[in-house]
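S.K.:
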Amino acid sequence: MDNFETLHKGTVQLLTAAVATYALPLVDSDERPEEVDDEDLFEGELYSFLSKLHRDDAENSMDGMCDKNDEVMSLRTCMRRMHALTERYDICSKTMDELRADFNLVTERTSSLHHACDQMMAYQTQIAAGAEQIRANLYYYTQHESIMKKLTSGSINITGQSFTQLLATIDECLTFLRAHMYYKDSALYVAKYEQCLSKALTAIRSGVLADLEASATAVAERQAQLGVQNAYSDDDTFALLYGVFAAKANSVRAALSVAEQRFANVAEFESMAADCHRAYFSIRQQLLTPTVQKTIEQLLSHHADSSCALTRSGCAFLLRLCDDEFRLYKQFFSVAGEEKSSPRSRSSSEPPSSLKTVLAPFIASLTSFDDFIESFCRLFYDVLRPIVIHNPHLETLTELSTILKVEMIEERCGLMMSVLNPQSAVVDSVSSNADLDSNVLNPRSGFVRVMRELVLDIAERIFYRAVLYAESDVANYQPSPGDLAYPEKLVMMNNIAKQVSAAKTNEGPTSTAVATCAVDLNCLWYPTVRRTVICLSKLYNCLYPGVFECLSRELVTACCDSLKLAADQIEKTVGDKSTRTQGLMHAQLFVVKHLLILREQTSPFRSVPSSTSGGLWDEHALQRDYSLDLSKYKTSATQLFHDRGHWFELNSKNAFIEFLFQVPVSISEQLGDFRRIIDARLKSHCHALIENTANMIIVEFADYLNKAEELAKGDVDVKKEALVLASNMQNFVGQAYRKLTHCWPEIRSAFDLYIGAKDTEDILLQPVRKRIVDVFARANVFVEKFYDEEQKQIAGVPVLEQIWLVLNSA
Numbered sequence: 001m002d003n004f005e006t007l008h009k010g011t012v013q014l015l016t017a018a019v020a021t022y023a024l025p026l027v028d029s030d031e032r033p034e035e036v037d038d039e040d041l042f043e044g045e046l047y048s049f050l051s052k053l054h055r056d057d058a059e060n061s062m063d064g065m066c067d068k069n070d071e072v073m074s075l076r077t078c079m080r081r082m083h084a085l086t087e088r089y090d091i092c093s094k095t096m097d098e099l100r101a102d103f104n105l106v107t108e109r110t111s112s113l114h115h116a117c118d119q120m121m122a123y124q125t126q127i128a129a130g131a132e133q134i135r136a137n138l139y140y141y142t143q144h145e146s147i148m149k150k151l152t153s154g155s156i157n158i159t160g161q162s163f164t165q166l167l168a169t170i171d172e173c174l175t176f177l178r179a180h181m182y183y184k185d186s187a188l189y190v191a192k193y194e195q196c197l198s199k200a201l202t203a204i205r206s207g208v209l210a211d212l213e214a215s216a217t218a219v220a221e222r223q224a225q226l227g228v229q230n231a232y233s234d235d236d237t238f239a240l241l242y243g244v245f246a247a248k249a250n251s252v253r254a255a256l257s258v259a260e261q262r263f264a265n266v267a268e269f270e271s272m273a274a275d276c277h278r279a280y281f282s283i284r285q286q287l288l289t290p291t292v293q294k295t296i297e298q299l300l301s302h303h304a305d306s307s308c309a310l311t312r313s314g315c316a317f318l319l320r321l322c323d324d325e326f327r328l329y330k331q332f333f334s335v336a337g338e339e340k341s342s343p344r345s346r347s348s349s350e351p352p353s354s355l356k357t358v359l360a361p362f363i364a365s366l367t368s369f370d371d372f373i374e375s376f377c378r379l380f381y382d383v384l385r386p387i388v389i390h391n392p393h394l395e396t397l398t399e400l401s402t403i404l405k406v407e408m409i410e411e412r413c414g415l416m417m418s419v420l421n422p423q424s425a426v427v428d429s430v431s432s433n434a435d436l437d438s439n440v441l442n443p444r445s446g447f448v449r450v451m452r453e454l455v456l457d458i459a460e461r462i463f464y465r466a467v468l469y470a471e472s473d474v475a476n477y478q479p480s481p482g483d484l485a486y487p488e489k490l491v492m493m494n495n496i497a498k499q500v501s502a503a504k505t506n507e508g509p510t511s512t513a514v515a516t517c518a519v520d521l522n523c524l525w526y527p528t529v530r531r532t533v534i535c536l537s538k539l540y541n542c543l544y545p546g547v548f549e550c551l552s553r554e555l556v557t558a559c560c561d562s563l564k565l566a567a568d569q570i571e572k573t574v575g576d577k578s579t580r581t582q583g584l585m586h587a588q589l590f591v592v593k594h595l596l597i598l599r600e601q602t603s604p605f606r607s608v609p610s611s612t613s614g615g616l617w618d619e620h621a622l623q624r625d626y627s628l629d630l631s632k633y634k635t636s637a638t639q640l641f642h643d644r645g646h647w648f649e650l651n652s653k654n655a656f657i658e659f660l661f662q663v664p665v666s667i668s669e670q671l672g673d674f675r676r677i678i679d680a681r682l683k684s685h686c687h688a689l690i691e692n693t694a695n696m697i698i699v700e701f702a703d704y705l706n707k708a709e710e711l712a713k714g715d716v717d718v719k720k721e722a723l724v725l726a727s728n729m730q731n732f733v734g735q736a737y738r739k740l741t742h743c744w745p746e747i748r749s750a751f752d753l754y755i756g757a758k759d760t761e762d763i764l765l766q767p768v769r770k771r772i773v774d775v776f777a778r779a780n781v782f783v784e785k786f787y788d789e790e791q792k793q794i795a796g797v798p799v800l801e802q803i804w805l806v807l808n809s810a
């Protein structure tokens, strides 16, 4: 480019110098000196001179003197010279235009040539780059032969660097060819590299299976040398079962990891990995089954007299087996969530997929691990289940259920989940991902699955035994005379508490607390109440909520019925000793007391038990019982046939329309909840207690007032009626007031003896006070309305303040 510019400048300079004097006379020449001499004239002077000559010539022409005048001759000579100069100037201008046109043409052609050269250089560079790209792309078409030759040589090491490089080459070639399927023969070469990949995976499978079989053979030979099948807890057996296999774990894991990093989503790799997993689990199961059976037999013989100890020891052994096997399993195979893949771990055969698709092989492998662990847990299940089924003791069954459900599944397995997955509490994305994490990371899922089945078996047995217990020991309980010794038993315990309080007055408030709570000791509870509370407390943590609700209804209903039977006997016993109303009050106080105890003691069971293992029992929701009343069908059908005359009426009284719009089915929710049963029974007995207690004082007086008020409503002279005489009113008022002053302290004492809680006593006695005050208030109203002052004095109805004073006195 620089040479061209230099040449261009030189050409212009030469042309400029050549045309500078082209077609012009040389100044130094001697030709026509007369013409050169006048060239020094100025232009203005020349013009003036020529104008003057022209005028002179015009003046002298007429005289014919033009030819003889020198000035005219000189003028003509100058004019000829001017014409010559004009012609030469035109020739020079024309020549310059031609040169300029030729120069522009040359310049344009030179620029075109330069542009063409640039295009040729760019095209040459593009062709060179294309040739280099073709050489690079040809690399992916020429490697399959060398790869297949190395794979078929038989001397390749699947854990060596060369084998890793072969897999990397296969991955790169497949990735390129699948990304450029529009290239010629790409599908053919993809098939060839897939054959290479299949050959490589087959080599990995053969190597892994060979290592596993070698480990199994070494363990079998060692066991044959020992000649004795030892238990799992034996140190030599443990080292033999795990040490030999752990020595081969690194080579197996390295071989699988090399392929997994690049071909995790390839179907053939998944098949190869599944074959390796199956072979591993099969070999481990063959080796461990005799040892596990031997260990279970030893545990069974050692804990033959305690099924609870057998359950704890057996579950502890199985949990240790789960952890040891999972630890060994992780040494052989990769587990999802354990480590992150390298940046080049993307599969070359499939596009990016969802998390569940990516982790599918890991989930499948851990499902196989769960089945593998479950097979050993089944051995213990088959031994323990007959013991559970034939166990008649409800306490033992509930303890077994608590051991399995709470200690093993919720606490130990739940603790394992929290250790393996500490972020599960804060990860709250998609529910499927949470389920995925639980499946992937919990090595004790197989154990939990079998133990849940055993818990269900125990729950079924508990339900059966609890129903029998509710029928035999609660509903059909035959009380002894000591069980029905009310109120003597309470009086005795109250006296003992007072004696203890008096003996320890110098020991501070502790003795007061003892005296206060002495009445609430469970030794004073009726036996059926004590049995019901203890049974419910044991069943609460070992049964599903729905099963517990159903069983608790049975127990609470039986307990309430037994309290009713005991109250009837107490009413009869106390009534024989004093009065019927006294017996009825003590019987009702007995029932209310124990219903309050039952409600208080069952208050912890009013909430659904929450599971610490992340919702193991969430699927068992509380059940609700409903009743369907179909009795209206008969009424509706009868009404339809009775109104035959209205069948075809075209108005709102049409019998068919009324039948269609009626609701023949009635659905109502039953009192299925045991807490509702207790509350309903307690409410009923409290109302009866309040009514009976008030009637002990004012029943006759209230009846008299009812008759007097009914008589006053008629059209009669009240003052002339004997029923409402002031003397009769005085008798009933005096009788009621005497009962109030004498019976009310006894009532207060009885309530304090049975209830023993100031707040509860006030709640129960307040309606009684109100009824008594209302009766005396009615009497005051009647007296004020129908009696004169003298009759009021005779009747002597006390004012309400006096009644309240008696009722509120301590």
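full-length UniProt numbering numbers the first residue of the sequence shown as 1 and each following residue consecutively.
Virtual Cβ for every residue (Gly too), placed ideally from N, Cα, C.
Computed from a predicted model, the values in this text were never measured in an experiment.
#1: State the DSSP-derived secondary structure class of residue 789, mapped to helix, strand or coil.
#2: Can you round the beta-carbon distance between residue 726 and residue 791 to whole angstroms, since I take them to be within the 8 Å contact cut?
#3: For residue 793 and residue 701, I'd like the C-alpha separation in whole angstroms.
#4: Taking 7 Å as the threshold (C-beta atoms), are residue 704 and residue 594 in contact?
#5: By Cβ distance, which residues of its chain are closer than 8 Å to residue 184, with the 5 residues on each side in sequence left out?
#6: State buried or exposed for residue 408, treating a residue as buried only when at least 16 other CB atoms are found within 10 Å of its CB.
#7: State the start and end residues of the unbroken alpha helix (DSSP H) segment that holds residue 97.
#8: Sort 388, 143 and 483 by Cα distance to residue 523 and report the nearest one.
#9: Is residue 261 helix, strand or coil by DSSP?
#10: Which residues mark the beginning and the end of the alpha helix (DSSP H) in which residue 683 is found?
#11: Would the beta-carbon of residue 555 fall within 7 Å of that of residue 528?
#12: Tell me whether residue 542 sits in a helix, a strand or coil according to DSSP, three-state version.
#13: Between the Cα of residue 542 and the Cα atoms of 278, 405 and 673, which residue gives the shortest distance?
#14: Short of 6 Å in beta carbon distance, which residues of its chain neighbour residue 309, apart from the five on each side in sequence? Order them along the chain.
#15: Are the beta-carbon atoms belonging to residue 197 and residue 272 less than 7 Å from one another?
#16: Going by beta carbon distance, what residues of the same chain come within less than 6 Å of residue 248, once the five residues before and after it are set aside?
#17: With distances taken between CB atoms, is the gap from residue 446 to residue 373 smaller than 7 Å?
#18: Answer with buried or exposed for residue 150, where buried requires no fewer than 16 other C-beta atoms within 10 angstroms of its C-beta.
#19: Kindly list the residues whose CB is nearer than 7 Å to the CB of residue 547, restricted to its own chain and excluding five residues on each side of it in sequence; keep chain order.
#20: From residue 164 to residue 544, what distance separates their C-alpha atoms?
#21: Cβ atoms of residue 328 and residue 242: under 7 Å apart, would you say?
#22: For residue 141 and residue 332, I'd like the C-alpha separation in whole angstroms.
#23: What residues in its chain sit with their C-beta under 8 Å from that of residue 222, if we drop five residues either side in the sequence?
#24: Ordered along the chain, which non-local residues of its own chain (more than five positions away) have a Cβ less than 7 Å from that of residue 455?
#25: My output table needs one value for residue 239: the three-state DSSP class, helix, strand or coil.
#26: Between the Cα of residue 781 and the Cα atoms of 809, 169 and 712, which residue gives the shortest distance?
#27: So is residue 393 buried or exposed if we call it buried at 16+ other beta carbons inside 10 Å?
#28: Within 10 Å of its beta-carbon, does residue 491 have 16 or more other beta-carbons around it, so buried, or fewer, so exposed?
#29: Rounded to a whole number of angstroms, what is the C-alpha to C-alpha distance between residue 823 and residue 797?
#30: Nearest to residue 277 by alpha carbon, out of 316, 237 and 370?
#31: Does the distance from the CB of residue 461 to the CB of residue 397 come in under 7 Å?
#32: Return helix, strand or coil for residue 444, following the three-state DSSP convention.
#33: Helix, strand or coil for residue 799, going by three-state DSSP, please let me know.
#34: Which residues mark the beginning and the end of the alpha helix (DSSP H) in which residue 403 is found?
#35: Please state whether DSSP places residue 409 in a helix, a strand or coil.
#36: Could you give the distance in angstroms between the alpha-carbon of residue 143 and the alpha-carbon of residue 413?
M.R.: Put simply:
#1: helix
#2: 4 Å
#3: 18 Å
#4: no
#5: none
#6: buried
#7: 70-139
#8: 483
#9: helix
#10: 674-713
#11: no
#12: coil
#13: 405
#14: 303
#15: no
#16: 211 and 215
#17: yes
#18: buried
#19: 459 and 463
#20: 54 Å
#21: yes
#22: 35 Å
#23: 240 and 244
#24: 401, 404 and 405
#25: helix
#26: 712
#27: exposed
#28: exposed
#29: Here the chain comprises residues numbered 1 to 810, so residue 823 is not present and cannot be evaluated.
#30: 370
#31: yes
#32: coil
#33: coil
#34: Residue 403 -> no alpha helix (DSSP H), and no H or E assigned at all.
#35: helix
#36: 52 Å
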